[in-house]
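Some notes on the structure that comes next.
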Amino acid sequence: MTEIHKPLKEEFMSEVEELLNTSNFVFGTEKFEEDFADFTGAKYCVAVNSGTSALAIALYSAGIRSGDKVTTVSHTFTATLSAIRYLGAYNEFVDIDEKTYCMDPEKLNVGFDNKVILPVHMYGNACDMTRINSKKSTSIIIEDCSQAHGTRVNGKHVGTFGEAGTFSFYPGKGIGAFGDAGCVITDDEGLAKEMKEQRSWKENDIGFNMRMSNINARFISLKLKYYPEVLREKQEIADYYNKHLDYCYTQEGVEHSYHIYPILHRDRNKLIERCSNDLQLKKHYDKPVHANPLYRMGKTNCTICNDVENIVDIDLPVTEKISNSQVSLPIYPGVNKEKVIDILQKYWSNGNGVSSSVL
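Shown next, in the form of structure tokens:
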């Protein structure tokens with residue numbers, strides 16, 4: 000992360016000095032919103048204070064209320080589900096695709112009572128939005144793009160395939176803020192207007208306090224200038240990894256942003272331990288969200304117990320499989336990609352080299 004910030008340090012300190020001199024700390028995110036809308040090709044961008052807030056305000060402004068059903072995945076960060084539950088809505092899980100680690104359209108069955116489909120573009124890969132859109136019926140689609148800054152499908156940025164796309168700028172994300180921040184993009188003028196009103200105590204409504212600070216708006220706008228180079232370097236690293244590993248699958252036309260480079264190993268914990276002195280490996284979402292009983296609560300249609308929540312059975316075999324075996328390789332500008340592969344080859348399986356058939 001230090002390498003990413005070096006080119007913009009002087010410019011950013013100048014921005015900080017101006018903010019200190021003017022005490023202009025909030026209500027000044029318009030330039031960032033224009034910049035990010037331009038970056039993604041969306042008509043509108045609404046800046047908020049976190050990726051979780053982005054999800055919540057997008058859902059709320061789209062009309063999601065208590066008792067509404069939202070279909071999403073369990074292989075994600077808990078915020079995806081928390082935002083649904085904050086509003087009193089409830090979730091229905093659909094399994095993921097074994098290659099992309101994203102929502103599997105084949106397993107997506109949308110009923111008349113489904114208000115929202117919420118696909119998650121995991122690891123910087125892209126969901127198959129064409130097939131998901133074809134199944135939406137009367138549902139609206141809100142895309143969780145928290146890990147997909149710069150991910151495009153045939154030149155079209157994720158987050159622009161549905162009614163809205165949400166982003167997190169948590170410091171560890173592809174474009175990280177100076178703390179927590181997020182945004183929502185949309186082509187719907189009415190939805191954008193509603194979100195902008197809701198984020199700052201909409202009059203005659205309950206409202207929210209979800210504004211992005213000006214310091215974050217300026218910081219992210221600066222990082223956007225340098226982000227294409229970051230993406231280029233990540234792509235070079237991924238290209239090298241791809242020569243030795245075949246776990247990071249992308250469909251034709253997808254430009255993966257490689258927020259995370261995932262591999263799979265049947266004995267994940269031992270691999271991480273064996274490599275620990277030479278290479279830091281991580282695991283992401285080893286505990287799927289549905290492992291938490293609170294997210295297995297559904298709303299029953301029982302005629303004598305309306306609106307009573309009940310524990311529902313969950314059958315997500317691919318999610319379980321990936322959660323039990325996923326390992327994240329380091330992928331950031333400046334990483335020694337050759338060393339990473341050499342260490343993996345040394346410790347993968349008793350020194351026998353990297354195998355592509357570990358499961």
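At position 260 of the sequence shown (counting the first as 1) the number is 259 in numbering that gives the first Met the number 0, and the numbers step up by one without a gap.
We put the CB at the ideal spot given by N, CA and C, even for glycine.
Just so you know, these numbers come straight off a predicted model, no measurement behind them.
Check, Outcome
"Counterpart residues of Ile-185 in DSSP-defined beta bridges", "According to the sequence as given, residue 185 is Thr; it is not Ile. Per DSSP, Tyr-43."
"Collapsed DSSP secondary structure at Tyr-257 in the structure displayed", "coil"
"Cross-strand partners of Asp-143 (DSSP beta bridge)", "Val-119, Thr-165"
"Residues sharing a beta bridge with Tyr-225, DSSP", "BP columns for Tyr-225 are empty, so no partner."
"Top-ranked residue by Cα proximity to Ile-214, from Pro-6, His-4, Leu-19, Asn-132", "Leu-19"
"Val-109 versus Ile-139: straight-line alpha-carbon distance, rounded", "11 Å"
"Nearest to Val-339 (by Cα), restricted to the options Lys-286, Asp-285, Pro-316, Cys-274", "Cys-274"
"Cut-off 7 Å between Cβ atoms - residues of its own chain near Met-209, not counting five sequence neighbours on either side", "Val-47, Asn-48, Ser-52, Ile-56, Arg-198"
"Buried/exposed call for Thr-99, threshold 16 Cβ in 10 Å", "buried"
"Leu-54: first and last residue of the uninterrupted beta strand (DSSP E) it sits in", "Careful: Leu-54 lies outside any beta strand (DSSP E), inside the alpha helix (DSSP H) at 50-60."
"Own chain residues within Cβ distance below 6 Å of Lys-103, not counting five before or after", "Going by the sequence as given, residue 103 is Asp instead of Lys. Cβ neighbours of Asp-103 beyond the five flanking positions: Asp-94, Ile-95, Asp-96."
"Three-way DSSP call (helix, strand, coil) for Ser-81 in this model", "helix"
"Continuous beta strand (DSSP E) stretch holding Val-15: start and end", "Careful: Val-15 lies outside any beta strand (DSSP E), inside the alpha helix (DSSP H) at 8-21."
"Presumed contact (8 Å Cβ cut-off) between Ala-216 and Lys-8, rounded CB distance", "About 18 Å; that fails the 8 Å criterion."
"Spatial neighbours of Phe-11 in its chain, beta-carbon cut-off 7 Å, leaving aside the 5 residues before and after", "Phe-218, Leu-221"
"Unbroken alpha helix (DSSP H) run spanning Lys-68, endpoints", "No alpha helix (DSSP H) holds Lys-68; the beta strand (DSSP E) holding it covers 68-71."
"C-beta contact flag for Glu-163 and Ile-141 at 7 Å", "For the record, residue 163 in the displayed sequence is Ala; it is not Glu. Against a cut-off of 7 Å, the Cβ pair of Ile-141 and Ala-163 comes out as a contact."
"Which of helix, strand or coil DSSP assigns to Ala-180", "coil"
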